[in-house]
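Everything on this sheet refers to the single structure shown next.
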Amino acid sequence: MRPVLITGAAGFIGFHLSGRLLDHGQTVIGVDNLNDYYDVNLKQSRLELLQKRNNFIFCRTDITQENSLRQLFDEHRPEFVVNLAAQPGVRYSLKNPRAYINSNLVGFGNILEYCRHFEVKHLVYASSSSVYGANIKLPFSVNDNVDHPVSLYAATKKANELMAHTYSHLFKLPTTGLRFFTVYGPWGRPDMSYFLFTKAILEDRPIDVFNNGNMKRDFTYIDDIVEGIERVMQRIPIANPNWNTTGGDAGASSAPYRIYNIGNNQPVELMHFIEILENSLGKKARKNFLPMQAGDVPATFADIADLERDVGFRPATPLEVGLQRFVDWYRQYEEAAK
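Letter 232 of the sequence shown, counting from 1, is numbered 231 in numbering that gives the first Met the number 0, and no numbers are missing.
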């Protein structure tokens, strides 16, 4: 069996997905540039755990580096590719747009090219709930219009979906885009709210609560995300010659192309989320209420009907369970770092 290539393997989702596939006997080629968008030590700690495993091969490179990426595909001939390498973060895209153009557009273009030329069986790639942008209809459905992004990050993720469709149409490359909804859990990203809140509360610092707390998010636990990815990998999309643009199914195509939402299908009010986190920590938060941030949206809510229908899976981890697991990990990680 040919290996799976995972870009962003030292990242939050990439680390967990690599571990799950290794558990199931799969050889994994992990790619990461180990950039300093957030604490490199956290990425190194994830990577060290993966490198202790059999059948994990790491290559430090950047998906924007065309020659090294070509050599990687040529040497390992992956059967499946999961592209999780990207510049994340809505707010950072206002400060450093070039990082998003390079990684999320140029880098993704390179991934598509080599998946095409090396006959990859299925490319699965990370999109984002951010593509729904100014959409106010809830829950967000893959059939909704997503032509009005409110951040450059969201625009690059929408562009990835369009680029993938073109390759599916022209070159019959099977592609599936996954719109992730607020992923959280152990080994998570330090720039995410739950991580920032936890650190601040334990250090007795106030937390910044945007839009005065009037926010809702569809928090999705990491184990649910990676199970969804693994199942989707094995469901290779096929062309539907009867599909047309008047049919209303924007998540499908006459090409071998699919789009799915992966979310918990249960939006939680931000103030309730903070209350659950306080209970997990056994400590109250000091709150600094602020207006809405540029590029942010007031609510996210995933319609996962297509995922359930096609893949037979729906995320199910309760927020209380997932947050407690994160808090337990965070305490252990911080203690070990002392």
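Backbone N, C-alpha and C fix where the C-beta goes; we use that ideal spot for every residue, glycine too.
Computed from a prediction, not measured in an experiment: that's the story for all the values here.
Between Ser-192 and Ala-153, which are expected to be in contact by the criterion C-beta below 8 angstroms, what is the C-beta distance as a whole number of angstroms?
Sequence index remark: in the sequence shown, residue 192 carries index 193 (1-based). Sequence index remark: in the sequence shown, residue 153 carries index 154 (1-based). Not confirmed; about 17 angstroms, so no contact.
In chain order, what residues of the same chain have a beta carbon less than 6 angstroms from the beta carbon of Val-208, not counting five sequence neighbours either side?
Your numbering for residue 208 matches position 209 in the sequence shown. Contacts found: Lys-286 and Phe-288.
Among Ser-279, Thr-174, Asn-239 and Tyr-36, which one has its Cα closest to the Cα of Tyr-259?
The count along the sequence shown starts at 1 and reaches residue 259 at position 260. The option with the nearest alpha carbon to Tyr-259 is Thr-174.
If you pair each beta-carbon of the segment 119-126 with each one of the segment 79-88, do three or more pairs fall below 8 angstroms?
These segments touch.
Could you check which residue in Gly-13, Leu-41, Tyr-91 and Gly-88 has the C-alpha nearest to that of Phe-55?
For this step, residue 55 is matched to residue 56 along the sequence shown. Closest by alpha carbon: Gly-13.
Taking 8 angstroms as the cut-off, decide whether the C-beta atoms of Glu-229 and Arg-19 are in contact.
Taking the first residue of the sequence shown as 1, we reach residue 229 at position 230. Taking the first residue of the sequence shown as 1, we reach residue 19 at position 20. Yes, the pair counts as a contact, with Cβ atoms nearer than the cut-off.
Output the boundary residues of the alpha helix (DSSP H) element that contains Asn-66.
If you number the sequence shown from 1, residue 66 lands on position 67. Counting along the chain, the alpha helix (DSSP H) containing Asn-66 begins and ends at 65-75.
Quick one: what does DSSP say Ser-192 is sitting in, helix, strand or coil?
Numbered from its first residue, the sequence shown carries residue 192 at position 193. Helix, per DSSP.
Identify, in the order they occur along the chain, each residue of the same chain with its Cβ nearer than 6 angstroms to the Cβ of Leu-49, setting aside the five sequence neighbours on each side.
By 1-based counting over the sequence shown, the position of residue 49 is 50. Closer than 6 angstroms at Cβ, skipping near neighbours: Ser-17 and Phe-55.
Below 8 angstroms, can you find three or more Cβ-Cβ pairs linking the segment 201-221 to the segment 262-281?
Output reads yes: the segment 262-281 touches the segment 201-221.
Mapping DSSP to helix, strand and coil, what is Arg-308?
If you number the sequence shown from 1, residue 308 lands on position 309. It is helical.
What three-state label does DSSP hand Phe-170 in the structure shown?
Within the sequence shown, residue 170 is the residue found at index 171, counting from 1. Three-state result, Phe-170: helix.
Please report the straight-line C-alpha distance between Thr-299 and Asp-38, rounded to a whole angstrom.
To locate residue 299, count along the sequence shown from 1; it is residue 300. To locate residue 38, count along the sequence shown from 1; it is residue 39. Answer to the nearest angstrom: the Cα atoms are 27 angstroms apart.
Kindly indicate which residue of Arg-234, Ile-235, Ser-253 and Pro-236 has the alpha-carbon position closest to the one of Asn-243.
As a working mapping, residue 243 is identified with position 244 in the sequence shown. Considering only alpha carbons, the answer is Ser-253.
What is the C-beta distance between Gly-184 and Gly-321, in whole angstroms, given that I count them as a contact (C-beta under 8 angstroms)?
Your numbering for residue 184 matches position 185 in the sequence shown. Your numbering for residue 321 matches position 322 in the sequence shown. Right, their Cβ atoms sit about 6 angstroms apart.
Rounded to whole angstroms, what is the Cα-Cα separation between Ile-237 and Ala-158?
Walking along the sequence shown from the start, residue 237 turns up at place 238. Walking along the sequence shown from the start, residue 158 turns up at place 159. Going by the C-alpha atoms only, they are around 22 angstroms apart.
Following the continuous alpha helix (DSSP H) through Asp-207, name the residue where it begins and the one where it ends.
Taking the sequence shown and counting its residues from 1, one reaches residue 207 at position 208. No alpha helix (DSSP H) contains Asp-207, which is instead part of the beta strand (DSSP E) from 206-208.
Of the residues Val-27, Asn-95 and Asn-101, which one's Cα is nearest the Cα of His-75?
Within the sequence shown, numbered from 1, the residue matching residue 75 stands at position 76. When only C-alpha atoms are compared, the closest one is Val-27.
State the Cα-Cα distance for the pair Val-89 and Gly-294, rounded to the nearest angstrom.
The residue given as residue 89 occupies position 90 in the sequence shown. The residue given as residue 294 occupies position 295 in the sequence shown. Going from the Cα of Val-89 to the Cα of Gly-294 covers about 6 angstroms.
Whole angstroms are fine: how far does the CA of Ser-129 sit from the CA of Glu-226?
Here residue 226 corresponds to residue number 227 of the sequence shown, with the count starting at 1. Here residue 129 corresponds to residue number 130 of the sequence shown, with the count starting at 1. Taking the straight line joining both Cα atoms gives about 21 angstroms.
Please report the straight-line C-alpha distance between Lys-136 and Phe-180, rounded to a whole angstrom.
Mapped onto the sequence shown, residue 136 falls at position 137. Mapped onto the sequence shown, residue 180 falls at position 181. Computed Cα separation, rounded: 16 angstroms.
Assuming Ile-62 and Asn-109 make a contact with CB atoms under 8 angstroms, what is their CB distance in whole Å?
As a working note, residue 62 is residue 63 in the sequence shown. As a working note, residue 109 is residue 110 in the sequence shown. Between Asn-109 and Ile-62 the Cβ distance is about 6 angstroms, and since that is below 8 angstroms, they are a contact.
Alpha carbon to alpha carbon, how far is Ala-163 from Leu-368? Give it in angstroms, no decimals.
Shown here, the chain extends from 0 to 337; a query on residue 368 therefore has no answer.
Relative to the C-alpha of Asn-66, which residue among Ser-102, Tyr-113, Phe-196 and Lys-337 is closest?
The count along the sequence shown starts at 1 and reaches residue 66 at position 67. Out of Ser-102, Tyr-113, Phe-196 and Lys-337, Tyr-113 has the C-alpha closest to the C-alpha of Asn-66.
I need the boundaries of the alpha helix (DSSP H) containing Arg-330, first residue and last residue.
For this step, residue 330 is matched to residue 331 along the sequence shown. Run containing Arg-330: 318-336, per the alpha helix (DSSP H) assignment.
Any idea if His-15 is buried or exposed, counting beta-carbon neighbours within 10 angstroms, 16 or more meaning buried?
In the sequence shown, counting from the first residue as 1, residue 15 sits at position 16. Buried: at least 16 other Cβ atoms inside 10 Å.
Between Ile-224, Pro-189 and Gln-86, which has its C-alpha nearest Lys-156's C-alpha?
Here residue 156 is taken as the residue at index 157 of the sequence shown, counted from 1. Residue Gln-86 is the option with its Cα nearest to Lys-156.
DSSP three-state label for Thr-155, please.
One-based indexing of the sequence shown puts residue 155 at position 156. Thr-155 falls in the helix class under three-state DSSP.
Just to confirm, are Asp-22 and Gly-7 a CB contact at a threshold of 8 angstroms?
Here the question's residue 22 lines up with position 23 in the sequence shown. Here the question's residue 7 lines up with position 8 in the sequence shown. Cβ distance not < 8 angstroms, so Asp-22 and Gly-7 don't count as in contact.
Excluding sequence positions up to five away, which residues of its chain have a Cβ less than 6 angstroms from the Cβ of Tyr-329?
The count along the sequence shown starts at 1 and reaches residue 329 at position 330. So the list reads Thr-197, once near-sequence residues are dropped.
Return the first residue and the last residue of the beta strand (DSSP E) that Ala-125 is part of.
Numbered from its first residue, the sequence shown carries residue 125 at position 126. First-last of the beta strand (DSSP E) with Ala-125: 121-127.
Assign Leu-177 to one of three DSSP states: helix, strand, or coil.
Sequence index remark: in the sequence shown, residue 177 carries index 178 (1-based). Note: Leu-177 maps to strand in three-state DSSP.
Identify the continuous alpha helix (DSSP H) that holds Phe-272 and give its terminal residues.
Numbered from 1 along the sequence shown, position 273 holds the residue referred to as residue 272. Taken as a continuous stretch (DSSP letters only), the alpha helix (DSSP H) holding Phe-272 covers 269-280.
Would you mind sorting Asp-203 into buried or exposed? The rule is 16 or more other CB atoms within 10 Å of its CB.
The residue given as residue 203 occupies position 204 in the sequence shown. Classification of Asp-203: exposed, given that the 10 Å Cβ count is below 16.
If we count the other Cβ atoms within 10 Å of its Cβ and call it buried at 16 or more, is Glu-334 buried or exposed?
On the sequence shown, residue 334 is found 335 positions in, with the first residue counted as 1. By the neighbour-count rule (16 or more Cβ atoms within 10 Å), Glu-334 is not buried but exposed.
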